[in-house]
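2 protein chains.
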Amino acid sequence: MDRQSVEQVRRFNRTVTQRIGALNDRFMSRDRPLGEARVLWEIGGGDGTTVRSLRNRLDLDAGYMSRLLRSLQADGMATVEPHPDDRRVRVARLTDDGLEERALLDRLSDQMARSFLSPLKESQQARLVEAMGVVERLLTAGLVEFDVADPTSPDAQHCLDAYVDELDGRFEGGFDPDRSISADADELTEPDGLFLLARLHGEPVACGALKFHHNEPAELKRMWVDPSARGLGLGRRILAELEEQARRHRVTTVRLETNRTLTEAITLYRSAGYKEVEPFNDEPYAHHWFEKDLDVDSVAGTQLPGPGSRDRGGRTVQ
Amino acid sequence: MDRQSVEQVRRFNRTVTQRIGALNDRFMSRDRPLGEARVLWEIGGGDGTTVRSLRNRLDLDAGYMSRLLRSLQADGMATVEPHPDDRRVRVARLTDDGLEERALLDRLSDQMARSFLSPLKESQQARLVEAMGVVERLLTAGLVEFDVADPTSPDAQHCLDAYVDELDGRFEGGFDPDRSISADADELTEPDGLFLLARLHGEPVACGALKFHHNEPAELKRMWVDPSARGLGLGRRILAELEEQARRHRVTTVRLETNRTLTEAITLYRSAGYKEVEPFNDEPYAHHWFEKDLDVDSVAGTQLPGPGSRDRGGRTVQ
DNA sequence: CATTCTCCTTGACTTTAGTCAAAGACATTG
DNA sequence: CAATGTCTTTGACTAAAGTCAAGGAGAATG
């Protein structure tokens, strides 16, 4: 990473981030404290939002959050009521006035976006929008955190359920995990295997798993990327992380089987150095079997902490 | 401007700007209030900074600024002394401790920049840096404000001096404005002409001027763009603004002459529809003469306010 | 050289943001 | 059903951010 790149990133942080960010805040808090405005915005136009989820999304103290809601309530912008299913939980909902205010913020936000584009010629507008997309995606990709997780944890279950749903939708005859070769929680927990989870802003967005077989090749299982996070190169990173973990467990060969409808995955495996081999098991849903020999010597050591870990303070690690 | 573009800009504002901005603030204020940290940073490592300029750059209240400086002084980070030339003005300067602290912030800023890049593959890093550059330049370009200004004002003089210096450096035999066709302040002031100034964050970065000749073609003069602002398309925008102003003054034809060493300018004129014509004056420094007929019918009307005007509150207009 | 203006500081606030612990209302569980 | 745990609110603070007006020191001006 050269000096020039670092300079460019810093200039970007200063110029774009600071200036536009300040602008954003200023317009958000038109005549109300920024904190309140943000809560107003986050409650959203839908069916209401639990206080808990507001607190998580805005990363605010429970007491503070409560006070902000009280203040919005006093302004007639929101109501807070107990959740019908669990009366400890409370749900905030915007009143008509609140909805109107939020719609105004929405229009202003639009107007601000337009004001960035309007001074530019059309070709420049297109270039700006394109470049913003690239920056957004690549920075987002950098914020993803990988952890070995318990496959029975809620986040892991979310991924595994989504994985099954997706295969069921894509395979010609659907997908029933009971008919497939097993990859149960205990098989994906050390020392028999491991489950790797990728999170973005705390939300699970991708996963992958390994089953170890002592001196036999390890099996790669349950590779999945959330649709909203595709195109960030997460699949490739999950794969690399799993291989890294496999090396740490002294695995020399990794194997996997896959279905012919999963074309992106097949492309990924090939480009990551996996070679197609003869079927090594009788997985009924598989059409292709792949294998890769790992270079055990190069177990990577140091890794700089990504911005994600810094961003979220100490709460990241489980 | 389509809906998708606006959405992308908004997503960018949310994701990139907010998140990175917050990150930036958090690391800036390590163990001292953000306000103080910003002042510490802005004072800089150089020969000291006047309190007034700090106030302008950070856009803070005079009283608040004073208090922040007092606080840095108490921490032994800075000194504040009267300006030698004008003892009302006071100059803030960092102490050795202050310089050390600032160097630390500098290193952290570097580290943060690296942390954005390090999770990415090299090719992705390059794409990110490239895209950040594009976003920065195009957003910056959108923040430039154009005003008709008094050519005797300090900002205008700055541009005119820089213009003369630049020509003097680039023309084969130097440039002496007294030997060239005149473009004095009164000739560039309405109703005889006008002087257009482009500012970025309040600093003059480009200019251009017109001399009107009643029913004769108007003359285009003093086109200049600050080296730091080249590549933003400012030349083209100055040109377009001047033509717009000319149309408002019922000018039907604009003329200009230029020197062969000014190749970018010549390219610009040609691409903006200027046709090379026979010499129409005896400007000693000129090698090319250009002319363009204006379409008088289409005097543009509405113009959306750029983000610049919003950004700087009411203080933008002179 | 008195007046006016500029630049900065100070005092006296207010508002926003945020923290922490106690407690109340409700749900869950052995 | 008592004990324990969860979710949220309230009270009691603190720190940071920001505003406003008065005033003092120095420069500029008629």
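Note that the protein sequences, when read in sequence, are chains V and A.
Reminder that position 278 of the first sequence reads as 279 in my numbering, one-by-one numbering, no gaps.
Reminder that position 13 of the second sequence reads as 14 in my numbering, one-by-one numbering, no gaps.
Built from N, CA and C at the ideal position, the CB exists for glycine as well.
Since the structure is predicted, the reported quantities are computational estimates derived from the model, not experimental observations.
Just verifying my parser: in three-state terms, what is the DSSP assignment at residue i?
| i | result |
| --- | --- |
| V:Thr16 | helix |
| A:Asn260 | coil |
| A:Ala186 | coil |
| A:Ala150 | strand |
| V:Met224 | strand |
| V:Leu295 | coil |
| A:Leu243 | helix |
| V:Ala199 | strand |
| A:Ala75 | helix |
| A:Thr80 | strand |
| V:Ala287 | coil |
| A:Ala273 | coil |
| V:Arg91 | strand |
| V:Leu233 | coil |
| A:Pro34 | coil |
| A:His215 | coil |
| V:Glu204 | strand |
| V:Gly194 | strand |
| A:Val1 | Nothing in the structure corresponds to residue 1 of chain A, since chain A is present only between 2 and 319. |
| A:Gly46 | coil |
| A:Asn145 | It is Val, not Asn, that sits at residue 145 of chain A in the sequence shown. DSSP places A:Val145 in coil when its eight states are reduced to three. |
| A:Val255 | strand |
| V:Gly175 | coil |
Evaluate residue i with the Cβ neighbour count: other Cβ atoms within 10 Å of its Cβ, from every protein chain shown; 16 or more gives buried, anything less gives exposed.
| i | result |
| --- | --- |
| A:Arg156 | Checking the sequence, you will find Asp at residue 156 of chain A rather than Arg. When all chains shown are included, A:Asp156 counts as buried. |
| V:Ala266 | buried |
| A:Glu204 | exposed |
| V:Ala210 | buried |
| A:Val278 | exposed |
| V:Lys276 | exposed |
| A:Ser116 | buried |
| A:Asn216 | exposed |
| V:Ser6 | buried |
| A:Glu258 | buried |
| V:Glu37 | buried |
| A:Gly175 | exposed |
| A:Pro306 | Note that A:Pro306 scores 38 on pLDDT, short of 50, meaning its location in the model is unreliable and no value can be drawn from it. |
| A:Tyr286 | buried |
| A:Ala63 | exposed |
| V:Val92 | buried |
Going by C-alpha distance, which of the options is nearest residue i?
| i | options | result |
| --- | --- | --- |
| A:Arg12 | V:Leu269, V:Glu245, V:Val135 and V:Leu61 | V:Val135 |
| A:Ala247 | A:Thr268, A:Lys222, A:Pro228 and A:Arg231 | A:Lys222 |
| V:Asp193 | V:Pro178, V:His202 and V:Phe213 | V:Phe213 |
| A:Ala354 | A:Leu129, A:Met78, A:Arg128 and A:Ala93 | Not covered by the structure: residue 354 of chain A. The range shown for chain A is 2 to 319. |
| V:Asp185 | V:Leu201, V:Gln158 and V:Ala199 | V:Gln158 |
| A:Leu106 | A:Gly46, A:Ala287 and A:Arg88 | A:Gly46 |
| V:Asn282 | V:Arg271, V:Arg256, V:Arg261 and V:Leu295 | V:Arg256 |
| V:Glu102 | V:Asp296, V:Pro120, V:Arg88 and V:Arg31 | V:Arg31 |
| A:Asp177 | A:Leu35, A:Arg4, A:His288 and A:Glu284 | A:Glu284 |
| V:Arg200 | V:Arg180, V:Trp225 and V:Trp290 | V:Trp225 |
| A:Glu173 | A:Leu161, A:Val130, A:Met29 and A:His288 | A:His288 |
| A:Pro280 | A:Ser119, A:Arg238, A:Asn260 and A:His202 | A:Asn260 |
| V:Ala163 | V:Cys208, V:His202 and V:Gly49 | V:Cys208 |
For residue i and residue j, which I take to be in contact (beta-carbon distance under 8 Å), what is that distance rounded to the nearest angstrom?
| i | j | result |
| --- | --- | --- |
| V:Leu73 | V:Val52 | In fact, because the Cβ distance is near 12 Å, the residues do not count as touching under 8 Å. |
| A:Ile21 | A:Arg94 | Between A:Arg94 and A:Ile21 the Cβ distance is about 31 Å, and since that is not below 8 Å, they are no contact. |
| A:Val10 | V:Met133 | 6 Å |
| A:Ala230 | A:Val206 | 4 Å |
| V:Pro228 | V:Glu292 | No, V:Pro228 and V:Glu292 are not in contact; Cβ-Cβ is about 28 Å, not under 8 Å. |
| V:Leu198 | V:Gly236 | No, V:Leu198 and V:Gly236 are not in contact; Cβ-Cβ is about 14 Å, not under 8 Å. |
| V:Glu220 | V:Leu295 | Not confirmed; about 14 Å, so no contact. |
task = Please determine if the region 8-23 of chain V and the region 136-143 of chain A are in contact, where contact requires at least 3 C-beta pairs separated by less than 8 Å.
result = yes
message = Using a Cβ distance threshold of 8 Å, determine whether the region 123-131 of chain V contacts the region 166-173 of chain V, with at least three qualifying pairs required.
response = no
ask   = Contact between the region 82-101 of chain V and the region 93-112 of chain A: three or more CB pairs below 8 Å?
value = no
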